Amino acid sequence: MTSPITPESATGDAVYKWTDFGASKQGFTYGPFKYQVIPQEEITAKLKLLANVTEHPETNITSVNLQPCLFEGAQSQDRKAIYAWPLKNGVWKFIAVLDGHGGHDTVDFTAEDLPRRVKGKLEELLLTEEVQTYPEAVLSALEQAILEVDNQLITDLLNLFPGGLDGLHTLSQEEIDKIINDGGERLKKVHRCMRGTTVLVALIDPTGENLWIANLGDCEALLGTPSQSNVWKTFRITKNHGGNDPEEVQRIQAEHPGEEECILNNRVLGAIAVTRAIGDVTFKLHNIVTQKVFLAARPGFTINSKIEAWLPRNITPPYLSNKADVTHHKIQKDLVSKTASFLLMYSDGLIDPRVNEGEPAREQWVNVAGNAIREGKNPAFEVLKDVLGGEDNERVSQYLTVECTDKWMDDITVAVVQL
Numbered sequence: 001m002t003s004p005i006t007p008e009s010a011t012g013d014a015v016y017k018w019t020d021f022g023a024s025k026q027g028f029t030y031g032p033f034k035y036q037v038i039p040q041e042e043i044t045a046k047l048k049l050l051a052n053v054t055e056h057p058e059t060n061i062t063s064v065n066l067q068p069c070l071f072e073g074a075q076s077q078d079r080k081a082i083y084a085w086p087l088k089n090g091v092w093k094f095i096a097v098l099d100g101h102g103g104h105d106t107v108d109f110t111a112e113d114l115p116r117r118v119k120g121k122l123e124e125l126l127l128t129e130e131v132q133t134y135p136e137a138v139l140s141a142l143e144q145a146i147l148e149v150d151n152q153l154i155t156d157l158l159n160l161f162p163g164g165l166d167g168l169h170t171l172s173q174e175e176i177d178k179i180i181n182d183g184g185e186r187l188k189k190v191h192r193c194m195r196g197t198t199v200l201v202a203l204i205d206p207t208g209e210n211l212w213i214a215n216l217g218d219c220e221a222l223l224g225t226p227s228q229s230n231v232w233k234t235f236r237i238t239k240n241h242g243g244n245d246p247e248e249v250q251r252i253q254a255e256h257p258g259e260e261e262c263i264l265n266n267r268v269l270g271a272i273a274v275t276r277a278i279g280d281v282t283f284k285l286h287n288i289v290t291q292k293v294f295l296a297a298r299p300g301f302t303i304n305s306k307i308e309a310w311l312p313r314n315i316t317p318p319y320l321s322n323k324a325d326v327t328h329h330k331i332q333k334d335l336v337s338k339t340a341s342f343l344l345m346y347s348d349g350l351i352d353p354r355v356n357e358g359e360p361a362r363e364q365w366v367n368v369a370g371n372a373i374r375e376g377k378n379p380a381f382e383v384l385k386d387v388l389g390g391e392d393n394e395r396v397s398q399y400l401t402v403e404c405t406d407k408w409m410d411d412i413t414v415a416v417v418q419l
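FYI, the numbering for the sequence shown is 1 to 419, going by full-length UniProt numbering.
In structure tokens:
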């Protein structure tokens, strides 16, 4: 991924090179930017410092969250939420990876509100459901909890205005501005609807034999299971919800017949890459909300696409779904090797072309994580290091030392859950 655009230079013992992060190979111009090649021990120390390496020994979960650009406004919009809940029949594990976009408001709200809702629904189920009915009941609870978070955002927004959505037609722009731009709670409720987040949730029951997955957007989950050949088997247990997925495109086109531009350039309305998310309400309500509320909010949108270009395509909302894919998986322990399976969860920064050459190496990541578990290392950190270049000091160095004032790579969050 290092571009030989200009020769390397040396200052004292330091070696500097230049990179465009593979942009020229992909047919566009970016950079080049100067970076310093640093030794392996310094790479490990610097990466651990930047990646917020976390171990949760009580739950056998490890996690990292990396955004190496430290300039103002570049802070990671990824979040993770990890809980161990002692409930009626034992300890349940909840793990969520969230990839926010457009700002921090929606992802912060979701990271706090969603676990609370899931826990409440589990407590209700444990009072009323028999064990044999858990799989389907928990699937429904996860799906409903995610719907409720998104619906709450919209309800909080519309309740700001007398008459709700219909009331916007009668309110003057001056009246709306006065309501929303209070610099406090009302503006927060507006911003939560203007930003968005994807969601990936894993839920594990006290036996460790039942795993539930809920996915909304483009985070991914892989299941790693041991084999007698010492090579870990890889099972991809989520699918991405994006404008380049044929099934998602077909679904949206069927929901909006005759609207040829409901998917344009692999994006919903030609604007947003994911087809399912929490928030992003401009794709879920009629244009009057965007025109009279969102465009009047201060501060406003942070997205790059020009709203006036795609807003006329918003004819029959909603175009963006808040319905998660939910699945149940039975986990079988390997009684021969005594080695447990594990779950690898990550945000889409791990498959970003700026850190991946070619197809994402999912099987390799599973084996890196599995081997790290066997060797007593932090598997989430080892996966992160591997995707950035592993033992290739030159490649990893460019992500950690590049001299660039904007984000040169996507946020990356990785969580590894030993089952």
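Note that beta-carbon positions come from the ideal geometry of N, C-alpha and C, so glycine has one too.
Please read these numbers as outputs of a predicted model, since none were measured by experiment.
Report the residue from Ala297, Glu124 and Glu363 whose alpha carbon sits nearest the alpha carbon of Arg236. Answer by Cα proximity: Glu363.
Start-to-end residues for the beta strand (DSSP E) that takes in Glu220: From DSSP, the beta strand (DSSP E) with Glu220 extends over Glu220 to Thr225.
Could you tell me the distance, in whole angstroms, from the CA atom of Tyr346 to the CA atom of Asn230? Going by the C-alpha atoms only, they are around 24 Å apart.
Per-residue DSSP class, three states only, for Asn65: Reduced to three states, the DSSP call for Asn65 is strand.
Identify, in the order they occur along the chain, each residue of the same chain with its Cβ nearer than 8 Å to the Cβ of Gly103, setting aside the five sequence neighbours on each side. So the qualifying residues of the chain are Gln77, His191, Met194, Arg195 and Thr302.
For Lys408 and Thr133, I'd like the C-alpha separation in whole angstroms. The amino acid occupying residue 408 in the given sequence is Trp; Lys does not appear at that position. Roughly 47 Å separates the two Cα atoms.
Can at least three beta-carbon pairs, one atom from the stretch 127 to 147 and one from the stretch 241 to 249, be found at a separation below 8 Å? The stretch 127 to 147 is not in contact with the stretch 241 to 249.
Alpha-carbon to alpha-carbon, Val149 and Thr110: Whole-angstrom Cα-Cα distance: 7 Å.
How would you label Asn322, buried or exposed, when you count the other beta carbons within 10 angstroms and need 16 or more for buried? Buried: at least 16 other Cβ atoms inside 10 Å.
Continuous alpha helix (DSSP H) stretch holding Val138: start and end: Looking at the DSSP string, the run of the alpha helix (DSSP H) that includes Val138 is Tyr134 to Leu158.
Does DSSP put Thr170 in a helix, a strand or coil? Coil, per DSSP.
May I ask you to verify whether the stretch 267 to 284 touches the stretch 159 to 168, counting CB pairs closer than 8 Å and requiring at least 3? Verdict: no, contact absent.
Confirm, please, whether the CB-CB distance from Leu350 to Val387 is below 9 Å. Yes, Cβ-Cβ distance for Val387 and Leu350 is below 9 Å.
Could you give the first and the last residue of the continuous alpha helix (DSSP H) run that contains Ala45? Its alpha helix (DSSP H) spans residues Gln40 to Leu50.
With DSSP run on the structure shown, which of helix, strand or coil describes Ile351? It is helical.
Apply the 10 Å Cβ neighbour rule to Pro39 and answer buried if 16 or more other Cβ atoms are within range, or exposed otherwise. Flag for Pro39 reads exposed.
Nearest-angstrom Cα separation, counted from Pro299 out to Leu122: Between the alpha carbons of Leu122 and Pro299 lies a distance of about 38 Å.
Please list, in chain order, all residues of the same chain as Asn52 whose beta carbon is under 7 Å from its beta carbon, the five residues on each side excluded. For Asn52, where only same-chain residues beyond five positions count, the Cβ hits under 7 Å are Val64 and Asn65.
Proximity to Ala277 [Cα-Cα], best of Leu153, Pro257 and Leu157: Comparing Cα-Cα distances from Ala277 to each of Leu153, Pro257 and Leu157, the minimum goes to Leu153.
Label Asn314 either buried or exposed according to how many other C-beta atoms from any shown protein chain fall within 10 Å of its C-beta, with 16 as the threshold for buried. By the neighbour-count definition (other C-beta atoms within 10 Å, threshold 16), Asn314 is a buried residue.
Rounded to whole angstroms, what is the Cα-Cα separation between Thr2 and Ala380? A caution first: Thr2 carries a pLDDT of 43, below 50, which makes its placement in the model unreliable, though a value can still be read off. Straight-line Cα distance between these residues: approximately 25 Å.
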